[in-house]
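K.L.:
With the sequence shown counted from 1, adding 104 to any position gets you the working numbering.
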Amino acid sequence: MRLEDTVAELTQNQKEIRTALREAAQIRRETDQIIKDIARPGKPADTPIGRLERTVHALAATYGIETEESFREALSGILSDLGFEVENYIKRDTEGRVHGHPAQVEIDVVIRDGKLMLIEIKSSMNRSDVYTLERVVEFYEAQENRKVDRKLIVCPFLKPGANGIAEKLGIEVFTDVTDVT
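Put into structure tokens, the structure is as follows:
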């Protein structure tokens, strides 16, 4: 498969994912409104409305995880075919530098081609996610004793304020994969 075909397919997949995410977000807004209209304060979570809310949240979370994984695999495959060294980085933060407690730290895509680039792929991202990414980068630099040249976020939906924080921290933001250079 030619690179142009692969990029075109990836772009089409991204459009389909964006459409599905928009639809899921609209369903979520509508469900939240229904819950506000019907639910009474203090109403137990084990009611039909409470179960519906939990189901919608679970579906949204699952869909986001699956699309991120698909996108990460596609991007890794394309870049590897072009001769870039690509990996998914996972390491245990025993000191709790990233999350404030010991936890696994993951970087979706690490690319080496003479320069070091870290990419975070998410279906949506808020301000605290951007700050967490900055701590992840600092963790990586300390663990691997190597300076990161570029920090990127690939995310179709940034919540208000996230882009400004990313800019302040020197993190490049791409809401369309075809914009990444």
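C-beta: ideal position from N, C-alpha, C; glycine also.
Which complete beta strand (DSSP E) runs does the stretch 194-282 hold, if anything under 3 residues is left out?
P.N.:
Segments of the beta strand (DSSP E) lying fully in the stretch 194-282: 207-216, 220-225, 254-258, 275-278.
K.L.:
Among residues of its own chain, excluding the 5 on either side of Arg122, which ones have a beta-carbon nearer than 7 angstroms to its beta-carbon?
P.N.:
Excluding residues within five positions, the ones whose Cβ falls inside 7 angstroms are Pro260.
K.L.:
Within its chain, find whatever has a CB closer than 8 angstroms to the CB of Leu163; leave out the 5 residues flanking it on each side and keep chain order.
P.N.:
In this prediction, Leu163 has a pLDDT of 48, which is less than 50 and means its spatial position is unreliable; what the coordinates show is noted afterwards. Closer than 8 angstroms at Cβ, skipping near neighbours: Ala128.
K.L.:
Return the residue from the list Arg196, Asp212, Ile211 that minimises the CA-CA distance to His205.
P.N.:
Answer by Cα proximity: Arg196.
K.L.:
Could you tell me the distance, in whole angstroms, from the CA atom of Ser180 to the CA atom of Gly187?
P.N.:
Rounded to the nearest angstrom, the two C-alpha atoms are 11 angstroms apart.
K.L.:
Between Lys272, Arg132, Ile225, Lys119, which has its C-alpha nearest Ile257's C-alpha?
P.N.:
Ranking Lys272, Arg132, Ile225, Lys119 by Cα distance to Ile257 puts Ile225 first.
K.L.:
Quick check on the burial criterion: 16 or more other C-beta atoms within 10 angstroms. Buried or exposed for Glu271?
P.N.:
When all chains shown are included, Glu271 counts as exposed.
K.L.:
Who are the near neighbours of Glu238 in its chain, counting only those whose CB is closer than 6 angstroms to its CB and skipping five residues on each side?
P.N.:
The answer, listed in chain order, is Leu273.
K.L.:
In angstroms, rounded to a whole number, what distance separates the CA positions of Glu108 and Phe278?
P.N.:
Approximately 20 angstroms, taken between the alpha carbons.
K.L.:
Skipping 5 residues on each side, what residues in its chain have a beta carbon closer than 7 angstroms to that of Tyr244?
P.N.:
Excluding sequence neighbours, Tyr244 sits near Tyr193, Ile211, Leu222, Val252.
K.L.:
Give the DSSP bridge partners of Glu189, in chain order.
P.N.:
Answer by DSSP bridge pairing, in chain order: Arg216.
K.L.:
Count the other C-beta atoms from every protein chain shown that fall within 10 angstroms of the C-beta of Ile269, then say buried if there are 16 or more, exposed otherwise.
P.N.:
Ile269 is buried by the Cβ-count criterion.
K.L.:
Roughly how many angstroms lie between the CA atoms of Leu183 and Glu113, to the nearest whole one?
P.N.:
The alpha-carbon atoms of Leu183 and Glu113 are separated by roughly 15 angstroms.
K.L.:
If Ser228 sits next to Lys255, beta carbons under 8 angstroms apart, how far is it from one beta carbon to the other, in whole angstroms?
P.N.:
So it is not a contact: roughly 18 angstroms between Cβ atoms.
K.L.:
Roughly how many whole angstroms lie between the Cα atoms of Ala207 and Glu248?
P.N.:
For Ala207 and Glu248, the distance between alpha carbons rounds to 17 angstroms.
K.L.:
Are Arg216 and Glu242 touching if we call contact CB-CB under 9 angstroms?
P.N.:
It is not a contact, given that the beta carbons lie outside the stated cut-off.
K.L.:
Are Val214 and Glu177 closer than 9 angstroms when you measure CB to CB?
P.N.:
Cβ distance not < 9 angstroms, so Val214 and Glu177 don't count as in contact.
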